[in-house]
Structure formats: structure tokens, C-alpha cells
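Scroll down for the structure; my scribbles are underneath it.
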Amino acid sequence: MDNNNINNFDDIPELSDELQLELKKEFTTDSQLPLDVDRAVLEGARAHFDAFNKRRKSPLIHYLRYAAAIVLVAISAFFVLHNSQTFAPQDVNRDGSVDILDAMTLAIHIRDKGIYDRKWDYNNDNNLSITDVQIVANKAVEINNLDQAAAARLNSQLAMIIN
Amino acid sequence: MLDASNINAQDQTDIAIANSGDVAGFERIYLRYKNWTFQLAWRLANRDENIAADVCQEVFTWFYTRFPGFSLTSSMKSFLYPAVRNTVIRQQERKRRYSSVDLPLDIPDTSLPIGETPQDEMRRHLASLLDNLSDTQRHILLMRFVDDMTLAEIASAIEISESSVKTTYYRTLKKLKDSPAIKNIRDLKALILLFL
Numbered sequence: 003m004d005n006n007n008i009n010n011f012d013d014i015p016e017l018s019d020e021l022q023l024e025l026k027k028e029f030t031t032d033s034q035l036p037l038d039v040d041r042a043v044l045e046g047a048r049a050h051f052d053a054f055n056k057r058r059k060s061p062l063i064h065y066l067r068y069a070a071a072i073v074l075v076a077i078s079a080f081f082v083l084h085n086s087q088t089f090a091p092q093d094v095n096r097d098g099s100v101d102i103l104d105a106m107t108l109a110i111h112i113r114d115k116g117i118y119d120r121k122w123d124y125n126n127d128n129n130l131s132i133t134d135v136q137i138v139a140n141k142a143v144e145i146n147n148l149d150q151a152a153a154a155r156l157n158s159q160l161a162m163i164i165n
Numbered sequence: 582m583l584d585a586s587n588i589n590a591q592d593q594t595d596i597a598i599a600n601s602g603d604v605a606g607f608e609r610i611y612l613r614y615k616n617w618t619f620q621l622a623w624r625l626a627n628r629d630e631n632i633a634a635d636v637c638q639e640v641f642t643w644f645y646t647r648f649p650g651f652s653l654t655s656s657m658k659s660f661l662y663p664a665v666r667n668t669v670i671r672q673q674e675r676k677r678r679y680s681s682v683d684l685p686l687d688i689p690d691t692s693l694p695i696g697e698t699p700q701d702e703m704r705r706h707l708a709s710l711l712d713n714l715s716d717t718q719r720h721i722l723l724m725r726f727v728d729d730m731t732l733a734e735i736a737s738a739i740e741i742s743e744s745s746v747k748t749t750y751y752r753t754l755k756k757l758k759d760s761p762a763i764k765n766i767r768d769l770k771a772l773i774l775l776f777l
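Protein sequences appear in the order of chains Y and W.
According to our numbering, the stretch in the first sequence is residues 3 to 165, in order.
According to our numbering, the stretch in the second sequence is residues 582 to 777, in order.
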């Protein structure tokens, strides 16, 4: 068989009308699609299109959705930025400055047997102790230009808090 | 295989209407294709009217949920054919899963013996004619002459090239033409006409 001939529709033999009729008779049914199927499909379609039109005719709902999304994003961004604000490592109470209050806060935490927190373990000995408090105090002294005598007094007072 | 020229202009208009949110567009498409879909489903479901009705409902329910935003890239028949075929397969599997397995395997035939009429003989010859065809040849023949699909629509529906469909179609018709059953059918047709 020559494929070139097949591409020419004129060469394709047609099936006789009789056989076409027989095939139709044999492979079709006189039955009709039940009415309940009609009803189910058409009612379903109407409900589907109605829902779509309602959504389309109430753009306010769309705008409210967008507004809610924007507010949520803004709130999330605020918390992320707030939490990511950088503090000095010795700023124990995270008030933005290193001072005697940080040293006291850590001293009280140790005295009350508060949980171990790596970020306050300044000497990396896996233990919160007077040494960590003194590191904070020394930083406060350094920043606030206190003299050595004042620093020594401060350290002994902090040691008293812990003990 | 995507050929916009195969798309019926009325279908295109109704799709545009349905996409704009007007259910009337979908309703017109449904009314135009529901019987074609039912007949196809009935044939593919081995003449089971219940399955055919369920398939129609499932196919058109799936179809309307695609609006708005539906676009037709081939003819409506090419679009519906694979949907119907796949749904029939699913429905038949579902039916098999839930049907009873306690029936005896050999059910005795208690029907009264009836003499073979010329019409019965015609059916027998037709069946033997189709038995000599491969699955693809039989499908293409029935899609062409029972489902009234063009060769381009058939190609698009069964996702093969139009030239492959043409080749298969040509071979099928040639095979039928050369088949002795054809002559028997012609003779029987004359006989039936004589009786009527």
C-alpha cells in the first residue's frame, strides 16, 4: 500500500451506505439519557455559575481579602524586624544599652537557678556563673567609663547577690 | 493535532458566553452533546445504560467546573471522547469492585430457543466482520461511522497523528471491502428488504 495515496482523501474508499446504517443500528441505543441526569447536571451547572457570579459581583470581598493579606504581611514583617533587632551580647535585659542593670539581671537569674542559656555563657564553659556576670559588669564599666575602684565594688556586690 | 479550524463556531460562541459567567452557554453545549455522549458511553460501557447515564453526569459535571477559563483546543467531540472513555473505565472498575462475587460461574441458559432471523444473521455477520479488525481499526471505524467524527477529530481524541488515523482507516476499509462477510451482508440486506 502506498502511503502517499492515503494522504489523498479521494483515494480512501467510503463504506457503503448499507453498512454504515447497519453499524449505526448495531452500536446505538434507542434509549435516551434519563431526565434525572439532565436535572442534576443543569442544576449543578446553575449553582456553579451562580457562585462564580456572586464572587464576581462582590468585589468588596476581594478587596477585603487583599486588605487582610496586606495587614497580615505587615504584622508579620513588624515581628520579624522587631525580633531581628541587634543587641549587644552583654545587653541581657535587651533594653538597648549595656549597664549595671544587665549585670544585675544575670546575677539574679543565676541566683534563682534559672535555666542555662548559651547566649549568656560569655566564657563558654557551659555554665552560668559569677564569671559571666563579671564579663557583663566589666563591659558596663568600660562603656560607662567607671574607675577601677567602682568596678571592684560593683563586682563584689554582684557576687553577694549570687551567693 | 491542535486545529482550531475543527472547532464548531457555535461551540466557540457558547464557550465564550459560558466563560463570561452565563450558564446558558454551557446549557446549549450540554443539550447539543448530551445524546452523543450518552450513545458513546453506552457503547464503551458494553451497552450498560446505567453506567452510560452515570458517565454522562460525571463528564458534564467535571466539564462545567472548568468554567470560567475553559478553552477548547480541538473539536468538542475530540475533547469529550477521552473524558467519556476514561470515566467509563473508572465506572466499570467501581462496579466490579462493588458487585457480588457469589454468582455461579456457569449460569444455565433457560431462554427458549428461537430460530435465527435474517436480522440475527446480519448481526452475526457484522460481528464477524468487526472481529477481523484490530482494536484500533474497530475503534476508528466506530468513531467514524457511529460517533460521526471526522478523521481529524478522531486523531485529536485518541492523540495520534492524523496521517496515522488515515492509514489505519484506509486499511480498515480495504479489509472490509475484501471481506466475504460484506457480500453476505449485502445478500442479507436484499433478503430483509424482500421480507419487509
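Glycine included, each C-beta is placed from N, C-alpha and C at the ideal position.
Remember, predicted model here, so these are calculated numbers, not experimental data.
Annotation note: the segment 708 to 744 of chain W contains the following uninterrupted alpha helix (DSSP H) runs of length 4 or greater, listed N- to C-terminal: 716 to 726, 732 to 738. Residues of the segment 604 to 626 of chain W with a Cβ closer than 7 Å to any Cβ of chain Y, in chain order: V604, F607, E608, Y611, K615, N616, F619, Q620, W623, R624. A distance below 9 Å separates the beta carbons of W/S656 and W/M730.
Around the C-beta of W/T654, fewer than 16 other C-beta atoms lie within 10 Å, and the residue is accordingly described as exposed.
Contact between the segment 659 to 669 of chain W and the segment 733 to 740 of chain W is present, with at least three C-beta pairs closer than 8 Å. Interface with chain W (9 Å Cβ-Cβ cutoff): Y/L62 is excluded. Flagged as an interface residue toward chain Y: W/V727, by a C-beta distance shorter than 9 Å. Counting only runs of at least 4 residues, the segment 69 to 126 of chain Y fully encloses the following alpha helix (DSSP H) elements, listed from N- to C-terminal order: 102 to 113.
Listed along chain Y is no residue with a C-beta nearer than 8 Å to that of W/L653; the closest approach is about 17 Å. The three-state reading of DSSP puts W/G650 in coil, since its state is none of H, G, I, E or B.
Contacts between W/Q638 and chain Y, judged by CB atoms closer than 7 Å, involve V39, A42, V43 in chain order. W/Y750 sits buried, since 16 or more C-beta atoms from the chains shown fall within 10 Å of its C-beta. The shortest CA-to-CA distance from Y/L23 to any of W/F641, W/V746, W/F726 is the one to W/F726. Residue-level contact by beta carbon fails for Y/P91 and chain W, as no gap is shorter than 9 Å.
Of the residues Y/V100, Y/P91, Y/L130, Y/D101, the one whose Cα lies closest to the Cα of Y/H111 is Y/L130.
Excluding its 5 nearest sequence neighbours in each direction, Y/L156 has C-beta neighbours in its own chain below 6 Å: A139, listed in chain order. The C-beta distance from W/A626 to W/V669 rounds to 5 Å, short enough to fall under 8 Å.
C-alpha of Y/T133 to C-alpha of Y/K121: approximately 14 Å in a straight line.
Here the alpha carbons of Y/T31 and Y/R48 stand approximately 29 Å from one another.
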